[in-house]
Structures are given as structure tokens and as C-alpha cells.
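Here's the structure we're looking at; comments come further down.
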Amino acid sequence: MRELPERLNLRLTPDDLLALRIRARLRGTSPTLEAREGGVPPARQLLVELTSDEVIGPLLGKLTQLRAGLRAAEEKAEIAPRTERKAARAAVAKLTEEIDAAEAELVDAAVARARERERTRAEQATVRQRELDARQVPHLQRGITLLEQLAEWSAGFDPLVELGLDRGTAADWRFPFPLLLVEHADRLRRALAPVAAKNGHVCVRLVRFPGELEEGKAARAFRALIEDEGQVLATAEKAALRLWPFNRSEPTWWSEPVAAQLVALGLAERAEPASTP
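Position 38, counted from 1, in the sequence shown is what this note's numbering calls 52; the numbers after and before it change by one each time, with no gaps.
Pasting the structure below:
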């Protein structure tokens, strides 16, 4: 390994060689191949990231001390009298063996820690993706609902004009571009259907409001659903059930268990999402 810089005509420090060994182990290659293919900078960066690790940091400190001791021993061996030369060279050899052992220990520990960090990052990415999947559909659905409600509110000025409200006043008060509301709701609806299908959500059409449930078994079942004592509902889905910001006859997307319960309670019926040209 120490001959690698000469073989490849590279200027590599001991830490560079150590970093190449770590990267090669992680990638299942060899230090020589990593060096040839430009792996020195990413290997250095990996070692820098591991320097602050609670396990790797002390091992690097120990290795640094051994290297300093080796340099001092080599200098002493060069100027030692003949009678002390054998002992000085033995000290150099002993320190060299200790450095080899320390480097091997550090490489093993660094590889283990790097793989552990990679597993942690993968787990965090999975958690983020699950949270995104859980929140994306309700958020799109909420946007569609709000746009449709705003369009309905804006159109509500027409009956007021028939009752005598000044047309200019009505024009000032209503949303200035009502067709944009419908257009954007359609755009979100087109985006929602494939996202919902990908995330395992199903479409149901709402036919009743929760307040219409008569006190009894159905009402208690709905309260149990939104209380979610078993903590099985996604946060966004639970919020949507509590607020119920939907219009009657509106198609909405839910996870299969929630959709099944809404249908069983008579609040919704199975539906296919309407295709928007």
C-alpha cells in the first residue's frame, strides 16, 4: 500500500492512502483502482466527515501519535551510534507494526460507521417519503376543495345582483378571474389522481356530512375514527377528517381502510375520479 504513490506517480499523504482503503472497502474495489479513477477527493471528504465521529476521532488521534513517534524513531535510528543502531531499528519496526495494526483497526471501524450512517440516511429518506406520501394527497385535495368553494362563493354574487346589488359593486367584490379558479382546480385534479393511485389511496364521493349522522352507532364509530386511539391514521388524513373541509358530492382520496369506513358509515360511496380533458 505504501508503494501506491510511486506506482501511480501521485502525491498522496498517509491519510490519503487510509481514505482510499476505506473507500475501496465500501465500494468493493481496490485502493489502486480508486486512485486511478479519481477517487482521492471523495475519499478525502469521507475521511473528513468521519473525523468528528466519536469512534473514529480517537482512533485517528492514536494513529497520529504513532506516526509522530515513528518519525522521531526513524530520525533517531539515522544518527544512532553503531552500538545503539540495532535497538533503534527494532523500535522503528515495532512502531511500523503498531501503525499497520492501528490503520487496519481504523479502516474496519470507519467502514462500519460509514455503512451505519448510510443505513441511517436511507431510513430517514424512507420516513420523509412516507410523510410526503401521506401529506401530498390531502394537501392537493384541500386545494381543490378551497378553489371550488371560492369559485362557488364568487358565483354567489349573481343572485345578489338579481336582488338589486349594483353590478359594479358586485364586480369589485367577486373574485376577478373566476375561470382561473376552475382551471387551477382541474389542474390539481389531474395531478391528484395518479399521485393518489401511486400512494395506494382510493377515490370516494362524499354523499353526507358527519353532522348528518344520527346519534348512535354510526356517530360513535365516526368519533372513534377521528380520535384514532390506535394511532394508525396519517397526520394529514386525521386533520382532514376532523375539519371535513369538503363539499357534498365531491370526489376525495383516502387510504383504503379510511375509505372503507366512510362508505360503511354512509358518508361516502365508491367512485372513480372524474377524468379531466
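All C-beta atoms in this analysis are idealised placements derived from N, C-alpha and C, irrespective of residue type, glycine included.
Going by alpha carbons, who is nearest to Ala82 out of Val277, Arg25, Val106 and Glu63?
Residue mapping note: residue 82 aligns to position 68 of the sequence shown, counting from 1. Per the Cα distances, Val106.
Quick one, are the C-beta atoms of Ser269 and Val216 less than 9 Å apart?
Your numbering for residue 269 matches position 255 in the sequence shown. Your numbering for residue 216 matches position 202 in the sequence shown. It is a contact, given that the beta carbons lie within the stated cut-off.
Please state the DSSP three-state secondary structure of Ala282.
Looking up residue 282 in the sequence shown gives position 268. If DSSP states are grouped into helix, strand and coil, Ala282 belongs with the strands.
Mind checking who Trp267 pairs with in its DSSP beta bridge?
Within the sequence shown, residue 267 is the residue found at index 253, counting from 1. DSSP lists Cys217 as partners of Trp267.
If we count Cβ pairs, one from each stretch, closer than 8 Å, do we get three or more for the region 121–133 versus the region 181–198?
No, because fewer than three Cβ pairs between the region 121–133 and the region 181–198 fall closer than 8 Å, the two stretches do not touch.
Can you list, in chain order, the residues of its chain with a C-beta nearer than 8 Å to that of Glu119? Leave out the 5 residues immediately preceding and following it.
In the sequence shown, counting from the first residue as 1, residue 119 sits at position 105. The residues are Leu73.
May I have a chain-ordered list of the alpha helix (DSSP H) segments no shorter than 4 residues that lie completely inside the region 28–61?
28–41 and 45–50
If we call anything under 9 Å between Cβ atoms a contact, is Gly53 one with Arg37?
The residue given as residue 53 occupies position 39 in the sequence shown. The residue given as residue 37 occupies position 23 in the sequence shown. Cβ atoms of Gly53 and Arg37: closer than 9 Å.
Can you give me the C-alpha to C-alpha distance between Glu88 and Thr46, rounded to a whole angstrom?
Mapped onto the sequence shown, residue 88 falls at position 74. Mapped onto the sequence shown, residue 46 falls at position 32. Rounded to whole angstroms, Glu88 to Thr46 spans 27 Å at the Cα level.
Could you check where the alpha helix (DSSP H) with Gly71 kicks off and where it finishes?
Here residue 71 corresponds to residue number 57 of the sequence shown, with the count starting at 1. Looking at the DSSP string, the run of the alpha helix (DSSP H) that includes Gly71 is Ile70 to Ile93.
Specify the secondary structure class of Trp258 as computed by DSSP and reduced to three states.
As a working mapping, residue 258 is identified with position 244 in the sequence shown. Coil at Trp258, not helix or strand.
Can you tell me whether DSSP reads Gln245 as helix, strand or coil?
Within the sequence shown, numbered from 1, the residue matching residue 245 stands at position 231. In this structure, Gln245 counts as coil in the three-state DSSP scheme.
Return the chain-ordered list of same chain residues with a C-beta closer than 8 Å to the C-beta of Trp258, the five sequence neighbours on each side being excluded.
Residue 258 sits at position 244 when you count from the first residue of the sequence shown. Excluding residues within five positions, the ones whose Cβ falls inside 8 Å are Phe223 and Pro224.
Am I right that Val272 and Glu243 are in contact with their C-beta atoms under 8 Å? What's the rounded C-beta distance?
If you number the sequence shown from 1, residue 272 lands on position 258. If you number the sequence shown from 1, residue 243 lands on position 229. No, Val272 and Glu243 are not in contact; Cβ-Cβ is about 15 Å, not under 8 Å.
The alpha helix (DSSP H) enclosing Gly225, as first and last residue numbers:
Within the sequence shown, residue 225 is the residue found at index 211, counting from 1. Counting along the chain, Gly225 falls outside any alpha helix (DSSP H), and DSSP gives it neither H nor E.
Just tell me which of Leu32, Ala233, Gln275 and Val209 has its CA closest to the CA of Gln311.
Since the first residue of the chain shown is 15 and the last is 291, residue 311 is not available in this structure.
Selected residue, minimal CA-CA separation from Glu111, among Leu77, Glu283, Gly214 and Arg39:
The residue labelled residue 111 in the question sits at position 97 within the sequence shown. Of Leu77, Glu283, Gly214 and Arg39, the residue nearest in Cα terms is Leu77.
Rank Val221, Ala248 and Thr249 by C-alpha distance to the C-alpha of Leu276 and give the top, closest one.
In the sequence shown, counting from the first residue as 1, residue 276 sits at position 262. Of Val221, Ala248 and Thr249, the residue nearest in Cα terms is Val221.
Going by beta-carbon coordinates alone, are Ala253 and Pro173 separated by less than 9 Å?
One-based indexing of the sequence shown puts residue 253 at position 239. One-based indexing of the sequence shown puts residue 173 at position 159. For Ala253 and Pro173, no; Cβs fall outside 9 Å.
For Glu20, which residues of its own chain have a beta-carbon under 8 Å away from its beta-carbon, when the five flanking residues on both sides are left out?
Locating residue 20 in the sequence shown gives position 6, counting from the first residue. Any answer about Glu20 is weak, because its pLDDT of 47 lies below 50 and its placement is not dependable; what the coordinates show is given next. Closer than 8 Å at Cβ, skipping near neighbours: no residue.
Rounded to whole angstroms, what is the Cα-Cα separation between Gly230 and Ala139?
Here residue 230 corresponds to residue number 216 of the sequence shown, with the count starting at 1. Here residue 139 corresponds to residue number 125 of the sequence shown, with the count starting at 1. Gly230 and Ala139: Cα-Cα distance of roughly 43 Å.
Across the region 144–158 and the region 86–101, are there enough close Cβ pairs to call them in contact, namely three or more that are closer than 8 Å?
Verdict: no, contact absent.
Given Gly280, which residues of its chain have a CB within under 8 Å of its CB, disregarding the five upstream and five downstream residues?
Your numbering for residue 280 matches position 266 in the sequence shown. The answer, listed in chain order, is Val221, Arg222, Leu227 and Ala232.
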